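See below for the structure under consideration.
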Amino acid sequence: MRYKYLWVLIFIFLLFIPFLVGNNKYYFHIIIMTLIWIMIAISINIVTGIAGLLSIAHGGFFGIGAYTSAILVTQHGVSTYISFPVSMFITGACSLVIGYPVLKLKGHYFAIGTLIYGIIITLILEKWESLTKGPYGIIGIPPEDSFPLPFIGKINFDSLANQYYLILIFTIAFYSIMSRLLKSPNGLILLSIREREELTESLGIDIRKNKLICFIVSSVMMGIAGALYAHYIGYLSPEDSSIFMQFQGVIFCVIGGLGTLWGPIIGSVILNIIPEFLHFFKEYRLVFLGVLLISFVTFFPHGIMGLVPKSLSPKDILRRE
Amino acid sequence: MEILRVTELTKSFGGLTAIEKLSFGVEKGNIFGIIGPNGSGKTTLFNLIHGFYRPTRGTIVFQGKTIVGKKIHEIADSGIGRTFQTTTVFQERTVYENVFLASAGESFHFLSSIFWRSNKYQQTFLNSLENTDRILKLIELASLRDELAGNISQEAQKRVAIGMALATEPELLLLDEPTGGIPIEETEEIVNLIRKIRNLGTTICLIEHKMKVVMNLAERILVLNYGRKIAEGDPKEIRNNQEVIKAYLGEDYAIAEGY
Numbered sequence: 010m011r012y013k014y015l016w017v018l019i020f021i022f023l024l025f026i027p028f029l030v031g032n033n034k035y036y037f038h039i040i041i042m043t044l045i046w047i048m049i050a051i052s053i054n055i056v057t058g059i060a061g062l063l064s065i066a067h068g069g070f071f072g073i074g075a076y077t078s079a080i081l082v083t084q085h086g087v088s089t090y091i092s093f094p095v096s097m098f099i100t101g102a103c104s105l106v107i108g109y110p111v112l113k114l115k116g117h118y119f120a121i122g123t124l125i126y127g128i129i130i131t132l133i134l135e136k137w138e139s140l141t142k143g144p145y146g147i148i149g150i151p152p153e154d155s156f157p158l159p160f161i162g163k164i165n166f167d168s169l170a171n172q173y174y175l176i177l178i179f180t181i182a183f184y185s186i187m188s189r190l191l192k193s194p195n196g197l198i199l200l201s202i203r204e205r206e207e208l209t210e211s212l213g214i215d216i217r218k219n220k221l222i223c224f225i226v227s228s229v230m231m232g233i234a235g236a237l238y239a240h241y242i243g244y245l246s247p248e249d250s251s252i253f254m255q256f257q258g259v260i261f262c263v264i265g266g267l268g269t270l271w272g273p274i275i276g277s278v279i280l281n282i283i284p285e286f287l288h289f290f291k292e293y294r295l296v297f298l299g300v301l302l303i304s305f306v307t308f309f310p311h312g313i314m315g316l317v318p319k320s321l322s323p324k325d326i327l328r329r330e
Numbered sequence: 062m063e064i065l066r067v068t069e070l071t072k073s074f075g076g077l078t079a080i081e082k083l084s085f086g087v088e089k090g091n092i093f094g095i096i097g098p099n100g101s102g103k104t105t106l107f108n109l110i111h112g113f114y115r116p117t118r119g120t121i122v123f124q125g126k127t128i129v130g131k132k133i134h135e136i137a138d139s140g141i142g143r144t145f146q147t148t149t150v151f152q153e154r155t156v157y158e159n160v161f162l163a164s165a166g167e168s169f170h171f172l173s174s175i176f177w178r179s180n181k182y183q184q185t186f187l188n189s190l191e192n193t194d195r196i197l198k199l200i201e202l203a204s205l206r207d208e209l210a211g212n213i214s215q216e217a218q219k220r221v222a223i224g225m226a227l228a229t230e231p232e233l234l235l236l237d238e239p240t241g242g243i244p245i246e247e248t249e250e251i252v253n254l255i256r257k258i259r260n261l262g263t264t265i266c267l268i269e270h271k272m273k274v275v276m277n278l279a280e281r282i283l284v285l286n287y288g289r290k291i292a293e294g295d296p297k298e299i300r301n302n303q304e305v306i307k308a309y310l311g312e313d314y315a316i317a318e319g320y
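One line per chain: the protein sequences are B and U, in this order. Going left to right, the first sequence walks through residues 10 to 330 as this note's numbering numbers them. Going left to right, the second sequence walks through residues 62 to 320 as this note's numbering numbers them.
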C-alpha cells in the first residue's frame with residue numbers, strides 16, 4: 010500500500026466537497042452527476058472493459074433500475090428500502106433473460122444483439138404509457154427515505170449535501186467491487202476471455218457462464234445507478250435510458266482507459282468537468298469534445314491510463330490478500 | 062490400457078471429407094505421434110477430440126466415457142489438455158498469470174471473490190499459487206515469471222503454452238506442433254520437456270512435422286494422408302513403410318533426411 014496517504018487525502022477531500030461548494034446548486038449538480046457517471050462508467054467498464062463484451066443494452070438496464078424504483082415509490086407508495094432491492098432484482102432478472110440468449114453471439118454480433126434489446130427497452134418505456142407515463146415521464150420522484158443513525162438522529166436525503174454523501178458511498182462501493190474483481194482470479198478469467206476466448210475455454214473454463222455472471226453483475230450495478238439517479242433528479246423520461254447515454258459512458262471509459270481500474274473514473278471526471286469550463290466557446294465546445302475523442306482513439310487507444318506506465322501492474326492482480 | 066479410443070471417426074465440411082473412417086487407440090503413458098503432410102487432417106483430428114468440432118460420424122472414448130458432443134470446457138475438465146498450432150498464450154498477461162489462470166481455472170466463485178473471501182477461498186488461492194510455482198519450475202521459466210508473455214521468445218511461449226495445458230492436470234495432453242516455428246537448435250529443450258512430462262505420468266499425443274523429433278520421442282506413430290490412416294506402428298515400422306515414404310516423405314526427402 011504505497012499510496013495509503015494519497016487515499017486518505019482523496020477521501021478527506023471528497024468528504025469536504027460539500028463545504029467547499031457551499032450553497033452553489035449548480036456546482037453541486039455537476040459534482041453529483043459526475044459521481045453518477047462514474048458509477049455508470051464503472052458498470053460499463055466491468056462488462057466492456059474487463060470482459061470485452063460491447064453491450065449496448067446497459068443504458069436500458071439503467072432505465073429499468075430507475076423506472077422500477079420510481080414507479081414503486083410514486084405510484085405504490087413503497088419505501089425506498091424496498092424499492093431499491095426490488096429494482097436490483099428486476100434489473101438482474103431482465104439481464105439474465107436478455108444475456109442468456111445474446112451471449113451465444115460473439116464479437117460484433119453480440120453488440121448488435123444487445124443494441125436491439127437496448128432499443129426495445131427504451132421503446133417499452135416510451136409506449137407502455139399506463140405504467141411509465143410514456144414520453145411525459147415520471148415527475149415528482151421523492152428522495153430516498155430517511156436513514157436512522159444512532160446519536161445523530163435521522164438523516165434526510167432531501168438536501169444536496171446528503172444526496173452527495175449517499176451517492177458517494179455507492180460510488181466508493183462500486184469502485185471497490187471493480188477493484189476486487191480486477192485483482193481476483195475471476196477478473197483474470199474475464200481479461201483472458203477478452204483476449205482469447207478459445208484458449209480460455211480449452212483450459213476448462215466455462216466462458217459463457219463467466220460472461221453471463223459478469224453481464225448480470227454489471228447490469229445490476231447499472232440498475233442501482235439508475236435508481237439513485239431517479240431519486241436524486243426527481244423526474245424520469247425514456248431518454249434517460251437511451252443508447253446514447255450508454256455510448257457516452259463507453260466514451261468516458263475509452264478516454265480514461267478501457268479495462269483499467271482508474272480509467273472510468275478519470276474519464277468521467279474529466280469529461281464532466283472540462284465541458285463546464287468551455288461554456289464561453291458556446292456550441293463549439295462539442296467540436297472540442299469530438300476532436301478530443303477522435304485524437305484519443307487514434308493516438309492513445311489505451312486512454313489516459315495508457316499514458317501511465319504500468320499503472321495497473323500485472324502483479325497487482327495476484328496480490329495476496 | 063487404452064486411454065483414448067477413436068472409432069470410425071469421420072468429419073466432413075460440406076463436400077470435403079477432412080477425416081475419413083479413422084480408428085486408433087492411444088495407450089496410457091505413451092507418447093503417440095501423429096504425422097502427415099499439410100492438410101492431411103491432423104489438427105482437425107485434435108479439434109474433434111477436444112470438442113471444437115463435432116464429428117459427422119464415429120465415436121471418441123476417453124477413459125471409458127464417450128466425449129462426443131461435450132462442450133470444450135467439459136472435455137478439458139474431464140482430463141484432456143491441449144496446445145494450439147500457432148503459439149497461443151495470453152500475450153497481455155505475465156507468464157505467471159498465464160499459468161496461474163490455467164491452474165486456478167474456475168475454482169473460485171465469482172461473487173465470493175468480490176464480496177467474501179472465505180478461508181476456503183484463501184486456501185484454494187494458496188494451492189493455485191503453489192501449483193503455479195511447481196509448473197513454472199517444470200517448464201523452467203521461473204526467471205521470466207513477471208515478463209509479459211507476449212514479450213518472451215517463441216520457444217519460451219511454446220513452453221508457457223505447454224505449462225498452461227499441464228496446469229489443468231490432464232491425463233492426456235494434445236500437443237499440436239510443439240516445435241513448430243522454433244529454430245532446430247532449440248527443439249532439444251522442448252523434446253526434453255515433453256519427455257519429462259511423460260515421465261511424470263501424462264499420456265501425450267503429438268502432432269509434429271520435424272521427423273527427427275517425432276521419431277525420437279514417440280513410441281507409436283499414426284500417419285495420415287487426406288484424412289485417412291495410411292500406417293500405424295512404432296517408429297521403425299513407419300520409417301520402413303513403403304507407403305509412408307511414397308505418400309508423405311517423398312523419396313527425395315527420405316534420402317535427404319537419411320531415413
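Think of the CB as a built atom: it goes at the ideal place given N, C-alpha and C, for glycine as much as any other residue. The model shown is predicted, which means the values in this text are computed figures rather than measured ones.
Among T209(B), G266(B), V87(B), whose alpha-carbon lies nearest the alpha-carbon of R143(U)?
T209(B)
Alpha-carbon spacing of I51(B) relative to D138(U), whole angstroms:
33 Å
Span of the beta strand (DSSP E) around R118(U):
First-last of the beta strand (DSSP E) with R118(U): 118-123.
Minimum length 4: unbroken alpha helix (DSSP H) runs contained in the region 163-245 of chain U
171-176, 180-199, 215-228
Pick out whichever of A120(B), P151(B), H117(B), G61(B) has its Cα sitting closest to the Cα of L245(B).
P151(B)
Can you check DSSP and say which residues form a bridge with C266(U)?
F93(U), L235(U)
For R259(U) and I92(U), believed in contact at Cβ under 8 Å, the rounded distance:
That pair is a contact at about 5 Å.
DSSP state of V87(B) mapped onto helix, strand, coil:
coil
Where does the unbroken alpha helix (DSSP H) through N219(B) begin, and where does it stop?
Where N219(B) is concerned, the enclosing alpha helix (DSSP H) stretches over 216-242.
Return the residues of the region 183-195 of chain B that lie within a Cβ-Cβ distance of less than 7 Å from chain U, sorted by chain order.
I186, R189, L190, S193, P194, N195
Quick one: Cα of F179(B) to Cα of T240(U), how far?
52 Å
Neighbourhood of A203(U) by C-beta distance below 6 Å, restricted to the same chain and skipping five residues each side:
L197
Once DSSP output is grouped into helix, strand and coil, what is the label at F286(B)?
helix
Alpha-carbon spacing of L205(U) relative to E250(U), whole angstroms:
16 Å
Suppose contacts are defined by Cβ-Cβ distances below 9 Å. Is R66(U) in contact with G86(U) by that definition?
yes
Could you tell me the distance, in whole angstroms, from the CA atom of S211(B) to the CA atom of K132(U)?
10 Å
Just list the residues that DSSP pairs K163(B) with in beta bridges.
Among the bridge pairs identified by DSSP, K163(B) is matched with P157(B).
Consult DSSP for K273(U) and reduce its assignment to one of helix, strand or coil.
helix
If we define contact as Cβ-Cβ less than 9 Å, is T209(B) a contact residue for chain U?
yes
Which class does L270(B) belong to by DSSP, given the choice of helix, strand or coil?
In the structure shown, L270(B) falls within a coil segment according to DSSP collapsed to helix, strand and coil.
Using a 10 Å radius around the Cβ and a threshold of 16 neighbouring Cβ atoms, would you call T307(B) buried or exposed?
exposed
CA-CA distance, E280(U) and N159(U)?
Distance between the alpha carbons of E280(U) and N159(U): 31 Å.
Assigned secondary structure, I148(B) (DSSP; H/G/I helix, E/B strand, else coil):
coil
Is there a Cβ from chain B that is less than 9 Å from the Cβ of I133(U)?
yes
To the nearest angstrom, report how far apart T105(U) and I80(U) are at their CA atoms.
8 Å
From what residue to what residue does the beta strand (DSSP E) around I282(U) run?
Taken as a continuous stretch (DSSP letters only), the beta strand (DSSP E) holding I282(U) covers 281-286.
How about V30(B) and I19(B): do their beta carbons lie closer than 9 Å?
no
According to DSSP, R154(U) sits in a beta bridge with which residue or residues?
In DSSP, R154(U) forms no bridge with anything.
Could you tell me whether any Cβ in chain U is nearer than 9 Å to the Cβ of S201(B)?
yes
Apply the 10 Å Cβ neighbour rule to H111(U) and answer buried if 16 or more other Cβ atoms are within range, or exposed otherwise.
Buried, by the Cβ-count rule.
Taking 9 Å as the threshold (beta carbon to beta carbon), is G276(B) in contact with chain U?
no
Pick out whichever of I175(U), G97(U), M62(U) has its Cα sitting closest to the Cα of C223(B).
I175(U)
Quick one: Cα of E216(U) to Cα of T77(B), how far?
Their backbone Cα atoms lie some 56 Å apart in a straight line.
Determine whether the Cβ of T120(U) lies closer than 9 Å to any Cβ atom of chain B.
no
Would you mind stating whether G130(U) and E232(U) have Cβ atoms separated by less than 9 Å?
Not a contact, by the Cβ cut-off of 9 Å.
Could you check which residue in I21(B), I91(B), T83(B), M97(B) has the C-alpha nearest to that of M230(B)?
M97(B)
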